[in-house]
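J.: Okay, here's the structure, questions in a sec.
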Amino acid sequence: RDPQGLAEAVFKKLRTAGSTKYETKVLMINFVTRLVGNHELLLLPLYPFLQKYMGGQQRDVTAVLAYTVQACHEQVPPDEVHGILKTIAHNFIAERCSEEQMAVGINAARAICSRVPSVLSVEESDESQSTTAMDVEAFTRDLAGFSNHRDRSVSIAAKAWTNFIRETFPGLLQGKHRGLKGTALHKAGAKPLRYGQTKAATGVEGADLLAEYESKKALKKQQGGNGSDEDSDEGDWEEAMNDAEDEQGEPDDDGDNNADDNTEEKSEDEEAPTLVDLDKQEAGEATPVDISKMSAEDRDKLKQDVSSTRIFSAKDFEKMRKLVARENRAKRDPRENARRKRAIARGEDYDELSDDDSEDEDALHINGVVNPEDIMATARKKRQNKQERLEKVLAGRQKFEGKQRDGGSTNIEKKRTKNFLMTKYSFENRSKGTGKGSLAKKRKDSRKQLTHDAKKRRRKV
């Protein structure tokens, strides 16, 4: 089993395959890039080779871009990826290109940067002296500027790029594009790791949060059971006091026995008093762990201690995953801290933890595969066949039928089906031709129409 050797052999055949069909070359590119992506191989000549097939008028260029995304991983040097990003920006993300090409190019750049976050590291790009070095900050802000483009597919792709940069490295964006979450992450110092830099784990992720959660839960449970404990303590004290009174109130008959009793009482006095509950005194009140008041070193030490002195179960890992996700939400959203303070004041700090939605089991997920449809323009309408159009019509009928008013038909609807002879001598029909009645009726109808239009507007909102 040698994935590196296999990838190099197939890539060598791909480079020398002059008379091979284009469809076969595309299949070979798919195979090589999937090998490189799944096994995180280093095949540096592959990336300049893929740039030859990234022309705007190239056949199956969307598939080629998807295969290029497959070949990207965290071990790829940023200089190689910078060349690919420059080619995509020149051939796709330009005003001379069509709207669909621009949307595909922005989506492909976002997918590549999400797989190789070190590309966005400004320090790495500044130190690089290669010809493929690029201004990452200017590139990021140019793509974010397309969020106000006239075409909806380009605007959606640019907004997705902006949201990605907000979570990864919000310092690259302008202040107006960072948003609420991006500003919070920027203040927290969020930025991607440089190429070759790793973050060593000091313990199981979320072990310190689990210790805090369990300590607060134990304290809350102890405070809830204080009432019953106090009642039992009062009963123990009363029984002990009654026993002491009985011993003091018994008369002594013999003087000789008094001496023996005194010596026995002295020996008994040397023992610990039975009125004190030693177990409860040793236990005391549980002191809760408060991570917010700890430094980073103290949290790492707590995480290491909990991870090394405890065996976690499957439920513990699930709980730690939820606690870590809860903390990440608090970092991204400043309003989460205010909600948490209100929950703590109500005593519902950890009541919001709920099960996450499970993934779609029907969808087929292949490791390392990038679907070309994932980077397609989302707002472009595809032509529907007759069956799809019929399903849309039936769905629309059911949708509008469900929005009908409650109750029966209105009076106006009943008038339409009423026999004319029944309404022939009504006041409305008799006053139709008169001047005063017609003006009043017109005024009434116009007022009714205005109120009806207002209701329609409110209904749309």
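Each residue of the sequence shown is one higher than the last, beginning at 49 in the working numbering.
Where a beta carbon is used, it is the ideal one built from N, C-alpha and C, also for glycine.
(1) If you draw a straight line from the alpha carbon of E253 to that of I423, how long is it in whole angstroms?
(2) What are the complete alpha helix (DSSP H) segments, minimum 4 residues, inside the stretch 94-130?
(3) Should M470 go down as buried or exposed, given a rule of 16 or more other Cβ atoms within 10 Å for buried?
(4) Note the first and the last residue of the continuous alpha helix (DSSP H) segment covering A344.
(5) Between which residues of its own chain and A259 is the CB-CB distance below 8 Å, once the five residues before and five after are set aside?
(6) In chain order, what residues of the same chain lie with their CB nearer than 7 Å to the CB of S195, ignoring the 5 residues before and after it?
(7) Could you check what DSSP says for K472 in three-state terms: helix, strand or coil?
(8) In whole angstroms, what is the alpha-carbon distance linking A114 and L75?
(9) Quick one: what's got a C-beta closer than 6 Å to H197's C-beta in the same chain, skipping five residues either side?
(10) Suppose you measure from the CA of K268 to the CA of A232; what does that come to, to the nearest Å?
(11) Using beta-carbon positions only, say whether I213 and A236 come within less than 9 Å of one another.
(12) Considering only the alpha carbon of each residue, which of V418, N477, L228 lies closest to P382?
(13) Could you check the C-alpha separation between T72 and Q52 for me, to the nearest Å?
(14) Straight-line CA distance for A373 to H87?
(15) How would you call N155, buried or exposed, if buried means at least 16 neighbouring beta carbons within 10 angstroms?
(16) Check whether the Cβ atoms of A151 and D199 lie closer than 9 Å to each other.
(17) When burial is assigned at 16 or more other CB atoms within 10 Å of the CB, is G332 buried or exposed?
(18) Quick check: what's the CA-CA separation for R431 versus A111?
(19) In whole angstroms, what is the alpha-carbon distance linking P125 and A248?
(20) I need the DSSP call for V418, collapsed to helix, strand or coil.
(21) Look at L220 and V167 and say whether their C-beta atoms are less than 9 Å apart.
(22) Determine the contact status of G85 and A119, defining contact as a CB-CB distance below 9 Å.
(23) Determine the extent of the alpha helix (DSSP H) in which G153 is found, giving its start and end residues.
(24) Would you kindly work out how many angstroms separate the C-alpha atoms of E185 and G66, rounded to a whole number?
(25) Counting C-beta neighbours from all protein chains within 10 Å, is the total for K490 16 or more, i.e. buried, or is it exposed?
(26) Could you give the DSSP three-state label for Y261: helix, strand or coil?
(27) From which residue to which residue does the alpha helix (DSSP H) around P51 run?
(28) Going straight from the alpha carbon of K61 to that of E384, what length do you get?
(29) With DSSP as the reference, label V441 as helix, strand or coil.
(30) Just to confirm, are T135 and Q99 a CB contact at a threshold of 9 Å?
(31) Just the Cα atoms here: how many angstroms apart are I359 and K367?
(32) On a Cα-Cα basis, can you pick out the residue from L257, R158, V164 that is closest to L241?
(33) Would you mind working out which of R107, E122, D108, H130 sits nearest P96, comparing C-alpha positions?
(34) For H197, which three-state DSSP category applies?
(35) Would you report the Cα separation of I141 and S340, rounded to the nearest angstrom?
T.: So, to answer that:
(1) 33 Å
(2) 94-99, 109-118
(3) exposed
(4) 344-356
(5) V337, L350, V354
(6) S203, A206, K207, T210
(7) coil
(8) 12 Å
(9) S203
(10) 31 Å
(11) no
(12) L228
(13) 21 Å
(14) 28 Å
(15) buried
(16) yes
(17) Reliability fails at G332, whose pLDDT of 48 lies under 50, so the model's placement of it is uncertain and no value is given.
(18) 21 Å
(19) 21 Å
(20) coil
(21) no
(22) yes
(23) 147-163
(24) 40 Å
(25) exposed
(26) helix
(27) 51-64
(28) 55 Å
(29) helix
(30) yes
(31) 14 Å
(32) V164
(33) H130
(34) coil
(35) 45 Å
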